[in-house]
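S.K.:
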Amino acid sequence: MPQKKEQKERVARLLETLERDDILIISSSKIRLTLRLATCLIFLTISTMLIASPLLSGSSPAAAPALIVGGIISVIISGTTAAATHRQLSQGIRLTLTSEEVRLENKDGDVIEKARWRDIDQFTPILSQSPLQITKTVSYNLTDTGRERRQEFLDTAPTARKQYFLLSSPWTRNAGSVIYPSGFTISNSNIFDLLERAHWRYRSKRVRSH
Numbered sequence: 006m007p008q009k010k011e012q013k014e015r016v017a018r019l020l021e022t023l024e025r026d027d028i029l030i031i032s033s034s035k036i037r038l039t040l041r042l043a044t045c046l047i048f049l050t051i052s053t054m055l056i057a058s059p060l061l062s063g064s065s066p067a068a069a070p071a072l073i074v075g076g077i078i079s080v081i082i083s084g085t086t087a088a089a090t091h092r093q094l095s096q097g098i099r100l101t102l103t104s105e106e107v108r109l110e111n112k113d114g115d116v117i118e119k120a121r122w123r124d125i126d127q128f129t130p131i132l133s134q135s136p137l138q139i140t141k142t143v144s145y146n147l148t149d150t151g152r153e154r155r156q157e158f159l160d161t162a163p164t165a166r167k168q169y170f171l172l173s174s175p176w177t178r179n180a181g182s183v184i185y186p187s188g189f190t191i192s193n194s195n196i197f198d199l200l201e202r203a204h205w206r207y208r209s210k211r212v213r214s215h
């Protein structure tokens, strides 16, 4: 299919750039993130009106609690997503790939999350629940050694990580998997293919070299 062929060619070009320069930076898309932020704010406004309407209009007591609860849930989801999107946009979050590792950084190059290729067990696409099963984002699972190295990194309390994440929990610190944000300049499916192929290439090289 033409679309799949085009995707393979684009990923191949990105891999060539990585191989040649030993670094590849995938920036966040300002257009995509701005549209997402605007959508969240619209839903936030609608949800707020949904909460206020039963209180102001004097609607039936039976329907009011359901509308209010639904509105509150929608406000929480929309507000959280809007805050995360704003941080990604304002901090210039990007993915940086080298022959050694893959990093999630801010625009100043400060590291939020990182893992060596050989410490990653596999990459996994997170798919939507729709019949089309669109790739929403990408995650990866760490090996035991990868978990240990991640703990060592988190123990340094990186400033960029504190700025990017509003909350930090023990579950997040001890997790053996990491989920990337979406909204980069290339599609999530392209990012998955790129990371999977880079992982296969550089992990194999590192294993052979050791």
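If you read the sequence shown in the numbering used here, its first letter stands for residue 6, the second for the next number, and so on. Note that the Cβ used here is the ideal one computed from N, Cα and C, for glycine as well.
#1: Which residues in the same chain have their Cβ closer than 7 Å to the Cβ of residue 103, if we skip the five residues on either side of it in sequence?
#2: Run through the DSSP bridge pairs and tell me what residue 132 is partnered with.
#3: Measure the CB-CB distance between residue 204 and residue 131 and report whether it falls below 9 Å.
#4: Quick one: give me the first and last residue of the alpha helix (DSSP H) that residue 165 is part of.
#5: Hey, quick one: how far does the beta strand (DSSP E) through residue 123 stretch, first residue to last?
#6: For residue 33, write down the residues that DSSP places opposite it in a beta bridge.
#7: From the DSSP output, in three-state form, read off residue 98 for me.
#8: Around the Cβ of residue 198, are there at least 16 other Cβ atoms within 10 angstroms (buried) or fewer (exposed)?
#9: Measure the CB-CB distance between residue 38 and residue 90 and report whether it falls below 9 Å.
#10: Would DSSP call residue 86 helix, strand or coil?
#11: Is residue 25 buried or exposed, if buried means 16 or more other CB atoms sit within 10 Å of its CB?
#12: Look at the alpha carbon of residue 137 and the alpha carbon of residue 40, and state the distance between them as a whole number of angstroms.
#13: Helix, strand or coil for residue 9 per DSSP?
#14: To the nearest angstrom, report how far apart residue 31 and residue 50 are at their CA atoms.
M.R.: Taking the coordinates as given:
#1: The residue given as residue 103 occupies position 98 in the sequence shown. Cβ neighbours of residue 103 beyond the five flanking positions: 27, 28.
#2: Working through the sequence shown from its first residue, we reach residue 132 at position 127. Listed as beta-bridge partners of residue 132 by DSSP are 140.
#3: Sequence index remark: in the sequence shown, residue 204 carries index 199 (1-based). Sequence index remark: in the sequence shown, residue 131 carries index 126 (1-based). Taking 9 Å as the Cβ cut-off, residue 204 and residue 131 do not qualify as a contacting pair.
#4: To locate residue 165, count along the sequence shown from 1; it is residue 160. Taken as a continuous stretch (DSSP letters only), the alpha helix (DSSP H) holding residue 165 covers 164 to 169.
#5: As a working mapping, residue 123 is identified with position 118 in the sequence shown. Residue 123 -> no beta strand (DSSP E), and no H or E assigned at all.
#6: Translated into positions along the sequence shown, residue 33 becomes position 28. Paired residues: 189.
#7: Against the sequence shown, residue 98 aligns to sequence position 93. It is coil, neither helix nor strand.
#8: As a position in the sequence shown, residue 198 is number 193, starting the count at 1. Classification of residue 198: buried, given that the 10 Å Cβ count is 16 or more.
#9: Counting from 1 along the sequence shown, the entry for residue 38 is found at position 33. Counting from 1 along the sequence shown, the entry for residue 90 is found at position 85. Against a cut-off of 9 Å, the Cβ pair of residue 90 and residue 38 comes out as a contact.
#10: Numbered from its first residue, the sequence shown carries residue 86 at position 81. The three-state secondary structure of residue 86, taken from DSSP, is helix.
#11: Taking the first residue of the sequence shown as position 1, residue 25 is located at position 20. Exposed, by the Cβ-count rule.
#12: In the sequence shown, the residue the question calls residue 137 occupies position 132. In the sequence shown, the residue the question calls residue 40 occupies position 35. Straight through space, the alpha carbons of residue 40 and residue 137 are spaced by roughly 22 Å.
#13: Residue numbering aside, residue 9 sits at position 4 when the sequence shown is read from its first letter. It is helical.
#14: Start at 1 with the first residue of the sequence shown, and residue 31 comes out as number 26. Start at 1 with the first residue of the sequence shown, and residue 50 comes out as number 45. The straight-line gap from Cα to Cα measures roughly 32 Å.
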